[in-house]
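For the protein sequence lines, the chains are A and D, in the order given. My numbering applies: residue 182 is where the first sequence begins, and numbers increase by one. My numbering applies: residue 243 is where the second sequence begins, and numbers increase by one. Virtual Cβ for every residue (Gly too), placed ideally from N, Cα, C. Before any comments, here is the structure.
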Amino acid sequence: MSRPAASRSTRSYLLSPQFLRRLEQAAIASRRIMVGRTKGERRSARKGTSVEFADFRSYTPGDDLRYLDWNAYARLQRLFLKLFMEEEDLHVYLLLDTSRSMDFGSPTKFAWSVQAAAALAYIALCSGDRVVLFAHAEGEGRNSRIYRGQGCAPELFEWLARLRPEGGTVLSGASKWLLNTAPAPGITFVVSDLLSPDWEAAISRLGAAGGDCCALQVFSREEFQPTAQGDLRLVDSETGQAREVTMGASVLRRYLRERDEFLTAVRKTCHRYGFSHLFVVTDESVEDVILKSLRRLQVVR
Amino acid sequence: MLAPLALLALLPLAGIIILLYLLRLRRREVIIPSVFLWRRAVQDVQANAPFQKLRRNLLLLLQLAALTALVAGLAAPYVMARRLAGRSTVIVLDASASMQAKDEGGTRLEQAKQRAAEIVKAMGRRDEAALVVTAARASVALPFSGDRRRLLAALKAAQPTDCPTNMRDGLLLALSLAGKRPKARVYVLTDGAFPPLPSVASPAEIRFLRLGRRNDNVAILAFEAARPPGAKEHQVFLRLKNYAPQAKQCVVSLYQGEDLLDAEQVELRPGENRVETYGLALKKAGVLRADLEVQDDLPADNVAYAFAEPAAPLSVLLVTPGNLFLEQALVVLPEVKVFKAAGLSAEEATAAYTKYDVLVFDRVTPPAAPASGAVMLIAAEGWGQPVTLGQEIASPTITQWDSQHPVLRYVNLSAVQIAKARALEPAAGATVLARAGDRAVVVAQERAELRALAFGWNFLDSDLPLRVGFPVLLSNSVRWLAQARGGAKPITVRPGALLRFAAPAEANEAEVTLPDGRRRTVTATGGQVAFTDTNRVGLYHMRAGDQEWRWAVDLRNPEESDLSPKGELKLGERKVAAGTGPPKVEQHLWPYLALFALAVLLGEWHLYHRRY
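In structure tokens:
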């Protein structure tokens, strides 16, 4: 658990070109239909102008006569208006945990998270969705502008590369801030270790807002399966709190039980709100996670 | 504490342990992303944090405790504890009548048992002890054993008796048990109420634990009933003695069966020896009982029995070449009819055995062996029984005699001058009544329907006929001998006496009723019933077939009745002062401390491993 090297600033390093090419064919899938901002490729909650028929409604004066169903009028002598599905773009929000607790593991959880966020954002940009990045940590939260279109990718990657892990984790505050800042409902990717007592409040707040969400829970290998031995004084990287632990079979057993209970609780909470949850250990490659595991969850298609 | 300086080692060693402990406490610091999960993982342990702290400290405390125990062991502490210190111990417990006396803190026997128990409890692991209980007879209650429970059980089983003390046998038995065991020690637990003991030579050390502190006793020392020739009344003779240092009020009652014959209030001054005589007109012969009603410590000597004999003259045949003293002494005996003969043929003798109550052979060898009857031999060879004459002893002095035997009762043989005597070789079954040194001079034999008494010297060769005791001796002898055929007549004996009766041929066993009403069955062997369980004062009754016997047991023993505490035990010339129990010796505690340290370390080890 050493300090990571400084984050890389070049886009090429962040994601390899081959990976980017594979990402271009993917798209973010949301299980919910939400209202977008501009014309896009996704079915919107609004009725609109696509070729896909949606519904009929009675004519009211002032309606566009072009959409009257003349065949129905011929048969029924009544005026009906044809409604078509609207296709709009999707808002993709990436909530990135940049607290100090992410700065562990090999590769660090932070580096892994940045790569994953870049990959997800790139997918969204390629399918014409709007992407907003949120980096949150205790005391400061930063969000990017709204990116749209594949051309924004370098700027987005640049923004990501400038992030540094610092401060504590305030998940609940971060989700509140995201909901306040987000221009419209969309799909939110939470990339975090969720190691904060307020993780449940954060998820339920997102759930109450009505958007879609996918929690990408990142653990380092050491967190997943501690290997340290002996009489230890475990110091929290964020709060400085210490626990004195004498590592042994029984303590380890208790920890693993605790870990599994925690993961199960997170998964259950996510499923309660219809959210996806994916648990990742950082030694899995970003590529596999994005293109295989998330596909299996039908978050990416 | 033999080496208190060793305790100083505690300081640096404890310092080292504490230092190591403090060093060990430095935990490796590891920065982890979040203690969020750890907080919950160690929550149940942290929940009782004070105990955790204590447990962590507990290890230190346990280590320090083990160290303290070890260092304390180095300092060689000890306690003074009663220990037998690897000895073979023989406990001689006096269970005689005087030990039944009430005393300060229970009866003397109870106290003796308690002190014996203390000795047993003081036994070390390698110690052994044996228990000898002595009353009328000495017996080994438990041979050498290291088992305290068995010893305590044997002690508990020791029962009080009304018997006189046979301390000589008890001591000899104990010494023979101790034998040549190294560091053997004999504890004699007694009140010292017995005649002086002969000196003994033994490697074993003898210790005397004295029982008894006070002396509050009034005793009946003698009780006889006799009817002078021609008299209508029985003369009853009663001797009382007050051993207490204060005057005692008592009531003397005489009973025949349940009938009260006489009662009298008597006040006895301290130490007074009182003789009371009564003239009683008895309608029938039988057992008389004297009851002493008094508040004293020993009830066993407050009752005595006497047999009021019917008036029928005894016939005595004196076979002698001429002995005027003997003849005259016999003639003056009341209710005795004396016949004389110079010699007898075998046939005459056989007839005479049945015809006369007693035959006295003075320097004449009986021509035939008697089948039944009573024979007194004076310096005469027996018929193989009861004695054969041994070598001649010049001017023997009678050193020891059985004053409890009916023949020698009230007779003092100590000053009798004898010119020469023949040592008697007693046949099997004969008892020696008197000895000169280690040689027998008076022997009695008692068999079914036959009693024999042998004296080893010619009375004319001694000043015995001139002594006051001579008529008493003859009277006792004739009366005792005359009882040979009077088996059914009641007799009075001393506690612990061995009684033999000729049983009817068809009877295999006899039933004895003890004074307390219990019944005991005794087997008859060889036409004889032997009964030894006469340990209690009172009236006994025995039935075998259609024959009945009655006898009475009373104490009448001045030594037993004298409850005055004895300061020392006399063994010949040697005196053993009253001592205390086993000595206190240093008992080292370090093995216990070392064991404790080991246990503490094991506990510490277990606790340490439980934390993982």
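- Between D:Ser803 and D:Asn408, the CB-CB gap reaches or exceeds 9 Å.
- In the pairwise beta carbon analysis, the region 392 to 407 of chain D is classified as touching the region 333 to 353 of chain D: at least three pairs are separated by under 8 Å.
- Interface annotation, A:Lys449: not in contact with chain D, CB-CB separation never under 9 Å.
- Per the DSSP secondary-structure output, D:Asp504 pairs in a beta bridge with D:Leu496.
- A residue is called buried once 16 or more other Cβ atoms fall within 10 Å of its Cβ, and A:Phe237, having fewer, is exposed.
- Spatial neighbours of D:Glu590 in its own chain (CB-CB distance under 6 Å, excluding positions within 5 residues in sequence) are not present.
- Residues Met341, Gln342, Ala343 and Pro402 of the same chain have their beta carbon placed closer than 8 Å to that of D:Thr349, with the five preceding and five following residues left out of the count.
- Straight-line measurement puts the Cα of D:Asp543 at about 25 Å from the Cα of D:Leu524.
- Contact between D:Glu551 and D:Ala527 holds: their C-beta atoms lie close to 6 Å from each other, under 8 Å.
- D:Val558 and D:Leu740 have their C-alpha atoms roughly 27 Å apart.
- Here the region 408 to 420 of chain A makes contact with the region 347 to 356 of chain A; the two share three or more CB pairs at distances below 8 Å.
- Residue contact with chain A for D:Glu846: absent (no Cβ-Cβ distance below 9 Å to any residue of chain A).
- Nearest Cα to A:Leu264 within the set A:Tyr328, A:Tyr436, A:Tyr240 and A:Ala235: A:Ala235.
- Cβ neighbours of A:Phe291 within its own chain (closer than 6 Å, five residues either side excluded): Met283, Asp284 and Pro346.
- A:Phe285 has a beta carbon lying within less than 9 Å of a beta carbon in chain D.
- Using a CB distance below 8 Å, the part of the region 363 to 388 of chain A facing chain D consists of Asp374, Leu376, Ser377 and Pro378, ordered along the chain.
- Closest in C-alpha terms to A:Pro378, from the list A:Phe443, A:Cys395 and A:Gly286, comes A:Phe443.
- Counting along the chain, the unbroken alpha helix (DSSP H) around A:Ser356 starts and ends at Leu352 to Thr362.
- If you ignore the 5 residues before and after D:Gln646, its C-beta comes within less than 6 Å of the C-beta of Arg736, all in its own chain and listed in chain order.
- The region 651 to 660 of chain D and the region 614 to 631 of chain D do not touch, with fewer than 3 CB-CB distances between them shorter than 8 Å.
- A direct Cα-Cα distance of roughly 18 Å separates D:Leu843 from D:Gly257.
- For D:Val842, no chain A residue has a C-beta closer than 8 Å to its own C-beta; the minimum C-beta separation is roughly 22 Å.
- Contact annotation: A:Ile209 and A:Leu301 have beta-carbon atoms nearer than 9 Å.
- Counting of Cβ neighbours within 10 angstroms places D:Trp847 among the exposed residues, the total staying below 16.
- Note on geometry: alpha-carbon atoms of D:Ala435 and D:Lys808 lie some 8 Å from one another.
- As computed with DSSP, D:Pro668 is found in a beta bridge with D:Val629.
- Less than 9 Å divides the Cβ of D:Arg792 from the Cβ of D:Met784.
- Contacts with chain D at 9 Å (Cβ-Cβ) include A:Gln422.
- Within the region 332 to 360 of chain A, the residues whose Cβ lies closer than 8 Å to any Cβ of chain D are, in chain order, Thr350.
- Around the Cβ of A:Ser401, a 10 Å sphere holds 16 or more other Cβ atoms; the residue is buried.
- With 16 or more other Cβ atoms from the protein chains shown falling within 10 Å of its own Cβ, D:Ala372 counts as buried.
- Using a Cβ-Cβ distance cut-off of 8 Å, the region 600 to 610 of chain D and the region 658 to 674 of chain D are not in contact, since fewer than three pairs of beta carbons, one from each stretch, lie closer than that value.
- Here D:Val478 is near D:Ala548, since their CB atoms are less than 9 Å apart.
- With distances taken between CA atoms, A:Leu360 lies nearest to A:Gly388 out of A:Leu344, A:Gly388, A:Cys333 and A:Pro335.
- Put simply, the backbone Cα of A:Gln258 is about 15 Å away from that of A:Thr241.
- Nearest CB-CB separation between D:Leu279 and chain A: below the 9 Å threshold.
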